[in-house]
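J.:
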Amino acid sequence: MTTTAGDLLTVDNLTVEFPTDDGVVRAVRGVSFTLRQGEVLGVVGESGSGKSVSSMAVMGLLPRSARIGGSIRFRDTEIVGLGQRQLEKLRGNDIAMIFQDPMTSLNPVYTVGWQLSEAYRAHHRVSKKVAWAKAVEALELVGIPQPDRRAAQFPHEFSGGMRQRVVIAMAIINDPTLIIADEPTTALDVTVQAQVLETLLRIRDETSAAIMIITHDLGVVAGMADRVQVMYGGTVVESGQVDAVFEQPRMPYTVGLLGSIPHPDLLGKRLTPIKGAPPSLMNLPPGCAFAPRCPLAGPECDEAEPELVPVGVSGHTSRCLKWDELGGDDDSRELFEHDEIGAVENPASLTQADPELAVVEDVAEVEQRMAREEGSNP
Amino acid sequence: MTTAKTSPSDAAPAGADTGQPLLQVSDLVKSFPVRGKGIIPRTVGQVQAVAGISFDLRAGETLGLVGESGCGKSTTGRAILQLHRPTSGSVRFEGRELVGRTARQLRSVRRDMQIVFQDPYASLNPRWTVNSVVREPLEIHHSSWGDKRIQAKVNNLLELVGLNPEHRNRFPHEFSGGQRQRIGIARALALEPKLLVLDEPVSALDVSVQAGVVNLLEELQQRLNLAYLFVAHDLSIVRHISHRIAVMYLGKIVEIGTRDEVYGRATHPYTQALLSAAPLPDPKAERERQRIVLTGDVPSPVNPPSGCRFRTRCWKAQDICATEEPKLEARGEDGHLSACHFPEVRSRES
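First to last, the protein sequences are chains C and Y.
For the first sequence, position 216 (counting from the first letter as 1) is numbered 235 according to the numbering used here, and the numbering increases by one without interruption.
For the second sequence, position 17 (counting from the first letter as 1) is numbered 13 according to the numbering used here, and the numbering increases by one without interruption.
(1) Let's see if you can read the secondary structure: which residues bound the beta strand (DSSP E) around Y:Ser22?
(2) How far does the beta strand (DSSP E) with C:Ser90 in it extend, from its first residue to its last?
(3) Against Y:Leu290, what residues of chain C qualify as contacts under a CB-to-CB distance less than 9 Å, listed in chain order?
(4) Return no unless some Cβ of chain Y is closer than 8 Å to the Cβ of C:Arg169.
(5) Name the residue from Y:Pro17, Y:Leu191 and Y:Gly41 whose alpha carbon lies nearest to the alpha carbon of Y:Ser27.
(6) Taking a contact to mean a Cβ-Cβ separation below 8 Å, would you say Y:Arg97 touches Y:Val126 in this structure?
(7) Please confirm whether any heavy atom of the ligand SAH lies closer than 7 Å to the CB of C:Arg144.
(8) Can you list, in chain order, the residues of its chain whose CB lies under 8 Å from that of C:Gln248, leaving out five sequence neighbours each side?
(9) For C:Lys294, is the classification buried or exposed, using 16 other Cβ atoms within 10 angstroms of its Cβ as the cut-off for buried?
(10) Buried or exposed: Y:Pro122, going by 16 or more other Cβ atoms within 10 Å of its Cβ?
(11) Tell me the DSSP secondary structure of Y:Ala45 in three-state form.
(12) Do the CB positions of C:Leu125 and C:Val186 come within less than 8 Å of each other?
(13) Give the residues from the region 203 to 235 of chain Y that approach chain C closer than 9 Å (Cβ to any Cβ), ordered along the chain.
(14) Note down, in chain order, each residue of its chain lying with its Cβ closer than 7 Å to the Cβ of C:Ala190, except the 5 sequence neighbours on either side.
(15) How would you call C:Thr218, buried or exposed, if buried means at least 16 neighbouring beta carbons within 10 angstroms?
(16) Return helix, strand or coil for Y:Arg240, following the three-state DSSP convention.
(17) On the CB-based measure, 16 or more other CB atoms within 10 Å of its CB, does C:Gln103 come out buried or exposed?
(18) Is the shortest distance between the beta-carbon of Y:Asp278 and the beta-carbons of chain C less than 8 Å?
(19) Buried or exposed: which applies to Y:Tyr117, given that a residue is buried once 16 or more other Cβ atoms fall within 10 Å of its Cβ?
(20) Can you pull the chain C residues whose beta carbon is under 8 Å from the beta carbon of Y:Asp115, in chain order?
(21) Please report whether the beta-carbon of Y:Arg287 lies at a distance below 8 Å from any beta-carbon of chain C.
(22) Return the Cβ separation of C:Ser71 and C:Asp201 in integer angstroms, given the expectation that the two are a contact with Cβ distance under 8 Å.
(23) For the alpha helix (DSSP H) containing C:Glu202, list its first residue and its last residue.
(24) Please classify C:Thr273: is it buried, with 16 or more other beta-carbons within 10 angstroms of its beta-carbon, or exposed?
(25) One question on the structure: do C:Ser333 and C:Gln267 come within less than 8 Å of each other, judged by their Cβ atoms?
(26) Around the Cβ of Y:Trp311, are there at least 16 other Cβ atoms within 10 angstroms (buried) or fewer (exposed)?
(27) Can you list the alpha helix (DSSP H) stretches of 4 or more residues lying completely in the region 98 to 164 of chain Y, in chain order?
(28) Please confirm whether Y:Leu222 and Y:Lys248 have their CB atoms less than 8 Å apart.
(29) Using the rule of at least 16 other Cβ atoms within 10 Å of the residue's Cβ for burial, across every protein chain shown, is C:Asp343 buried or exposed?
(30) Just how far apart, CA to CA, sit C:Val30 and C:Gly252?
(31) Check whether the Cβ atoms of C:Ile233 and C:Arg223 lie closer than 8 Å to each other.
(32) Determine whether the Cβ of C:His235 lies closer than 8 Å to any Cβ atom of chain Y.
(33) Between C:Ser368 and Y:Ile179, what straight-line distance do the alpha-carbon atoms span, to the nearest angstrom?
(34) Please check if any C-beta of chain Y sits within less than 8 Å of the C-beta of C:Ala323.
(35) Mind checking Y:Met244: buried by the 16 CB within 10 Å criterion, or exposed?
(36) In this structure, what does DSSP give as the bridge partners for Y:Gln16?
Structure, rendered in structure tokens:
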């Protein structure tokens, strides 16, 4: 991957592994992407697809046990392998993060203004008074009414949506050039979600910061992002401009994901869920991670993991051997049609994925076996 | 099953006849005491979580109940099942009044009304096998059946919800989220109920798994002529599954009507704002659409605004809204019920 001018963040072949007692969890495998100034990148995926872990790696927030490979370059600084001291200079100053839960990301025993000015003073040598003024200014920017009065209040005096705005205010107080938002609106109601997303976009317009928004809600991505990146089983399976990916998905997983969301156009039709469950990151299939659930999968899909190949204009890429068989909306949805009732889902596949998982045996069977064993060696 | 389209049609649902509704709720109120501080907490006030709501539900029909968190939609579901005893009002199931009955009297009715909970991880006992989970209601209500018949029924139920009966001796942790929710549904269906209260049944599941459970619910409804009270905050799923939809705000129904009336020709400003705020997975529609962004937050239900409860966030609010509470009555051209002094269909794209 070559770095071009204007690229703010370049992630190249990032891998994150967690060694555990049961084996190595390969949470992120070979993820590469770039982010330009003022761009909004949406990262979508189900739980366990590695979307949060890759963003934590960018922030240098992973626990020490994590083994990180590949490269993350922020402007000209390599983040992988950077010491805590140098990371602290970046974190909160150039790169800021917004977490999912506004209840737990604020300290309940300090006023909101105190917490905001602390964040400012961590990176600027200014007096407390100046920092407080800056805090009030940040609260005003995120649309909190009466910011001077609200700054002196504690987090519990704010509602959920207001608290999330405070967290956003804290993220932008040092004018970061990159904001990573990890499920910023998942804990909020739809009307409040609309307000918070609008605030984020307005801040992008005013400060021209790049935003990486991680979510499982395809609707949020459709409304906010310029580019989208779909993750599955720890790696990117499709990425491209929002319109291209939503209109002409070239990866069966994306097709399945879009088909399983109720949509006004689908009224009166059956939803088309994806069969089975996401793979265990400890024991991934040798070929394409999606192959076990994929209606298009053939023997060649099980041989080796496909490469991320360009499939269209303006950087649309897909990790699928059969991408050219996908295209039209309706035919793609028909792919996933399958018998729902009567088609027995097999929980045994779960235990296959994880051999350590205890399997329950029938008591009668065990008794029989014990009786046999006792009979054979008295 | 490839035979029939299982989605609700706009015409009357399959089981709807002209007779009496299965469930009639009128002026249902549930309030909880607010306790003060101190060693001996005294009741210092009441929160009306549900503040007088009325609706009917027929056999084979799905009523979607939508609203933001704290609007009282889950409490409504539980008050109907008498899990929370209603403060006042009436809940009639097949003509029988449920409010004020003793636990013993309610037992026979409970058979016909079951609930599926939101979190499939918390609603199944981790130390019970799937078999015992699904078996328990049968053992209580059909103690005369005998082991063989009960076991056959359990196997049937597991198959009905798309699980392999051979896996009945496994424990809940061995199943994925979607499969666990199916176990919860099998348990609720064990006594062949007529009404299922579905309290956010898919919101804890991953997107790709949600669709499977939604399809299952639709198919079961067709087969068994079940009535659903579908409580959810996800507007697109509610739109997909419901015949009729009730929108709640701060303990009151602000608008109720058929799916097309509510989603296509909403007259209450709150419904319009709610619908316009829900993001669609379609970049083009997202860019074109006019979003109504409400200011402020939901007021506290301890101290609701006078008159119309929505007036503090409403862009149409006038003096009358503060003094007179709008009744839920037929307004607008198609005559579905809406509680607003200034009902108006918003002219817009979709």
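Where is the CB? At the ideal position from N, CA and C, for every residue including glycine.
It should be emphasised that the depicted structure is a prediction, and the values quoted were computed from it without experimental measurement.
T.: This is what the structure gives:
(1) According to the DSSP assignment, Y:Ser22 belongs to the beta strand (DSSP E) that extends over Leu19 to Arg31.
(2) For C:Ser90, the enclosing beta strand (DSSP E) has its first and last residue at Arg86 to Phe93.
(3) Under the 9 Å cutoff, chain C gives Thr210, Val211, Ala213 and Gln214.
(4) Not one chain Y Cβ lies under 8 Å of C:Arg169.
(5) Closest by alpha carbon: Y:Gly41.
(6) In this structure, Y:Val126 does not lie closer than 8 Å to Y:Arg97 by Cβ.
(7) This structure does not include the ligand SAH; it has no bound ligands of any sort.
(8) The answer, listed in chain order, is Phe52, Leu60, Gly61, Val62, Val63, Val255, Glu257 and Ser258.
(9) Classification of C:Lys294: buried, given that the 10 Å Cβ count is 16 or more.
(10) That one is exposed.
(11) In the displayed model, Y:Ala45 falls within a strand according to three-state DSSP.
(12) Taking 8 Å as the Cβ cut-off, C:Leu125 and C:Val186 qualify as a contacting pair.
(13) Across the region 203 to 235 of chain Y, CB contacts with chain C closer than 9 Å involve Val203, Ser204, Val205, Gln206, Ala207, Gly208, Val209, Val210, Asn211, Leu212, Glu214, Glu215, Leu216, Arg219, His229, Asp230, Leu231, Ser232, Ile233, Val234 and Arg235, in sequence order along the chain.
(14) These residues qualify, in order along the chain: Ala115, Met116, Ile117 and Ile198.
(15) Looking at its Cβ environment, which holds 16 or more other Cβ atoms inside 10 Å, C:Thr218 is buried.
(16) Three-state result, Y:Arg240: strand.
(17) With fewer than 16 other Cβ atoms within 10 Å, it is exposed.
(18) For Y:Asp278, the closest Cβ of chain C is nearer than 8 Å.
(19) Exposed, because fewer than 16 other Cβ atoms sit within 10 Å of the Cβ of Y:Tyr117.
(20) Those do not exist, as Y:Asp115 stays about 14 Å from chain C at its closest Cβ, beyond 8 Å.
(21) Yes, its Cβ sits closer than 8 Å to a Cβ of chain C.
(22) Indeed, because the Cβ distance is near 6 Å, the residues count as touching under 8 Å.
(23) Element bounds for C:Glu202: n/a, residue is neither H nor E.
(24) Counting other Cβ atoms within 10 Å of its Cβ, C:Thr273 reaches 16 or more and is therefore classed as buried.
(25) No.
(26) Label assigned to Y:Trp311: exposed.
(27) For the region 98 to 164 of chain Y, whole alpha helix (DSSP H) runs of length 4 or above, ordered along the chain, are 99 to 106, 126 to 137 and 143 to 156.
(28) No; because the gap between Cβ atoms is not below 8 Å, this pair is not in contact.
(29) Label assigned to C:Asp343: exposed.
(30) Their Cα atoms are separated by approximately 18 Å.
(31) Not in contact: C:Ile233 and C:Arg223 (Cβ atoms no closer than 8 Å).
(32) Cβ-Cβ to chain Y under 8 Å: yes for C:His235.
(33) Only weak support exists for where C:Ser368 lies, its pLDDT of 43 falling under 50; the value from the coordinates is given anyway. Rounded to the nearest whole angstrom, the C-alpha separation of C:Ser368 and Y:Ile179 is 17 Å.
(34) It does not: the Cβ of C:Ala323 has no partner Cβ on chain Y nearer than 8 Å.
(35) Here Y:Met244 is buried, its C-beta having at least 16 other C-beta atoms within 10 Å.
(36) Bridge pairing for Y:Gln16: absent [DSSP].
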